[in-house]
Structure formats: structure tokens, C-alpha cells
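Add 114 to a position in the sequence shown, counting from 1, and you land on the number used in my numbering.
Heads up, the beta-carbon is just placed ideally off N, CA and C, and yes, glycines get one too.
Small disclaimer: the values here were computed from a predicted structure and weren't measured.
These notes concern the structure reproduced below.
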Amino acid sequence: MTTLTFRNRLGELVDVPSVAATRLKNEFGTVLEQAARGAVAITRHDAPKAVLVSYEDFEALVKGQNQNLNDLGAEFDALLDRMQTPKARKGVQAAFNAAPAQLGRAAVKSARKRR
Numbered sequence: 115m116t117t118l119t120f121r122n123r124l125g126e127l128v129d130v131p132s133v134a135a136t137r138l139k140n141e142f143g144t145v146l147e148q149a150a151r152g153a154v155a156i157t158r159h160d161a162p163k164a165v166l167v168s169y170e171d172f173e174a175l176v177k178g179q180n181q182n183l184n185d186l187g188a189e190f191d192a193l194l195d196r197m198q199t200p201k202a203r204k205g206v207q208a209a210f211n212a213a214p215a216q217l218g219r220a221a222v223k224s225a226r227k228r229r
């Protein structure tokens, strides 16, 4: 069976102990207390099926996801603002009004700049 690792709420990379699903069913209270101190992998036929984490670890995971989404939202808003300038609008309008030959010349010119 592979050993699972987990970055806990303190940022430490720790090995995750595993517990068979049958043991979880029979000793839920004990396993719950173990999970309150750190993550516990639940296995069935020696394969990990789920991970039980403390509430604090869960909150840290959710907070991290929300922060990433907030960062992406701010980045998107800034990009959109840059695209709304008069110069950018003029460029988009020119691209949509360009003839195929003009688009071809612009593509060749751009490709040469990248070399």
C-alpha cells in the first residue's frame, strides 16, 4: 500500500496513518480522536478510499481554495480593465475589420519578432 502524505495546517509535510474501513466502523470514536490530531486515510482492501481530517485542517484547506479564487478574480478584473482602454479597443476593432491579407502580414510580422 502506498504511503499518503499531507501538508497540515502548519505547512508541515506529514505521513498520513491509514485505518481499514472495518476498523473505522468498529472503533469510530478512537479513529475520530486520531483524526482530530491529524489526517487519517480510510482504506478498503488496502487501497485509500477517503481521508478523515480535523476540522482545523478542513478550514485551512477551504480558506486556501477561497484565497486562490479571490486572487484569480482580482487578476481577471485587472486583465479586463487593461483590455478596456481606448488603445486596446482600437486594436480589437482593427483586427476584426482587417482583410485576410492584412491578418496574414501581421501574423508573419509577429512570428518574426518571436525568433
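Fill in: Inter-residue spacing [alpha-carbon to alpha-carbon] between R219 and A213
10 Å
Discussion item. Taking its Cβ as the centre, do 16 or more other Cβ atoms sit within 10 Å of T119, making it buried, or is it exposed?
Written reply: exposed
Worksheet item: Where does the unbroken beta strand (DSSP E) through R158 begin, and where does it stop?
Response: 154-158
Discussion item. Within 10 Å of its beta-carbon, does T144 have 16 or more other beta-carbons around it, so buried, or fewer, so exposed?
Written reply: exposed
Worksheet entry | C-alpha gap between G205 and V176, whole angstroms | 41 Å
Worksheet entry | Of the listed residues D160, D171, R158, R196, nearest to L127 (C-alpha basis) | D171
Worksheet item: What residue range is occupied by the uninterrupted beta strand (DSSP E) comprising S132?
Response: 132-134
Item to complete: Taking 8 Å as the cut-off, decide whether the C-beta atoms of A174 and R137 are in contact.
Response: no
Worksheet entry | R121 (DSSP reduced to helix, strand or coil) | strand
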